[in-house]
Every structure is written in C-alpha cells, then in structure tokens.
Amino acid sequence: MSLKFKKNVEDFICEHCGNSVKGNGFTNHCPKCLWSKHVDVFPGDRLEACGGMMEPINVEKKGNDYMLIQQCVACAKEFRIKVSQEDDFDEVIKIVKKSVDKHL
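Numbering (my numbering), first residue to last: 20 to 123.
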C-alpha cells in the first residue's frame, strides 16, 4: 500500500443514485452504480477541492483484476480503481457495453 494512502472509514449516500453505502476504509465508490466523488488528491486524504462527480466510463482487465476507469465530469481527471467483490457486476458489464457502443 502506498505511503500516500490514508485509510478513511466513512459511510455515505451516493450523490448519483441515492444508495446508502457502508464504508470499510477502502470504499471509494458506490457499489450499486459505480459512481464516486472527486474528493482525494491521494486515496483517503480528502484534499481535492474539485468535488465533481466521477462517472464510470470503462473497464479494463489488469492481471486477474478488473479496473474501473472513472472520469470527473467537472475537471475530466481520470482514475483507475479496482472493481471490488461488493460491486454490482451487472453495472460493470453495462459500462463495458456502453464503452464499446460509443466506439463503434
């Protein structure tokens, strides 16, 4: 784990879908809709002033893991985060299909 990572246990209400999310210190996105909020410079620090919503725009495979690619709708910064077991995999598939359709 990076020295810049700060474990931050927080529960939150997803600002995209309204889902109530129980944080575990590593939770950084809604497991239902896969959106998050641009609040960190480094994971868990809550120092980013942007505060824009992070839209899930694509998924890529890295080794045995799937990485969710999110883009901030306010500043366009992109982040890659690991898809977790708690995430709605049907939503992951929808994001992949949407990305493929966009590029056809």
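All C-beta atoms, glycine included, are put in the ideal place defined by N, C-alpha and C. Predicted model, so just to flag it, every value in this text is computed and none were measured.
Three-state secondary structure (DSSP) at residue i?
i	result
Asp-107	coil
Asp-120	helix
Lys-81	strand
Val-40	strand
Lys-25	coil
Lys-51	coil
Please return the same chain residues whose Cβ sits closer than 6 Å to the Cβ of residue i, not counting the five positions on each side in sequence.
i	result
Asn-27	Gly-63
His-48	Ser-55
Quick one: measure Cβ to Cβ for residue i and residue j, integer angstroms, because I've assumed they're closer than 8 Å.
i	j	result
Met-72	Glu-79	That belief does not hold up - the Cβ atoms of Met-72 and Glu-79 are roughly 21 Å apart, past 8 Å.
Glu-97	Pro-50	So it is not a contact: roughly 20 Å between Cβ atoms.
Can you name the start and end residues of the beta strand (DSSP E) that residue i belongs to?
i	result
Lys-96	Premise fails: Lys-96 is in no beta strand (DSSP E) and is neither H nor E.
For residue i, I'd like the list of residues in its chain whose CB is within less than 8 Å of its CB, leaving aside the five on either flank, ordered along the chain.
i	result
Leu-67	First, the amino acid is wrong: residue 67 is Glu here, not Leu. Result list for Glu-67: His-57, Val-58, Asp-59 and Val-60, in chain order.
Enumerate in chain order the residues of its own chain whose CB-to-CB distance from residue i is below 7 Å, with the five nearest sequence positions on each side excluded.
i	result
Glu-74	Trp-54, Gln-89, Gln-90 and Val-92
*Are the region 87-104 and the region 27-38 touching, with three or more C-beta to C-beta distances below 8 Å?*
The region 87-104 and the region 27-38 do not touch, with fewer than 3 CB-CB distances between them shorter than 8 Å.
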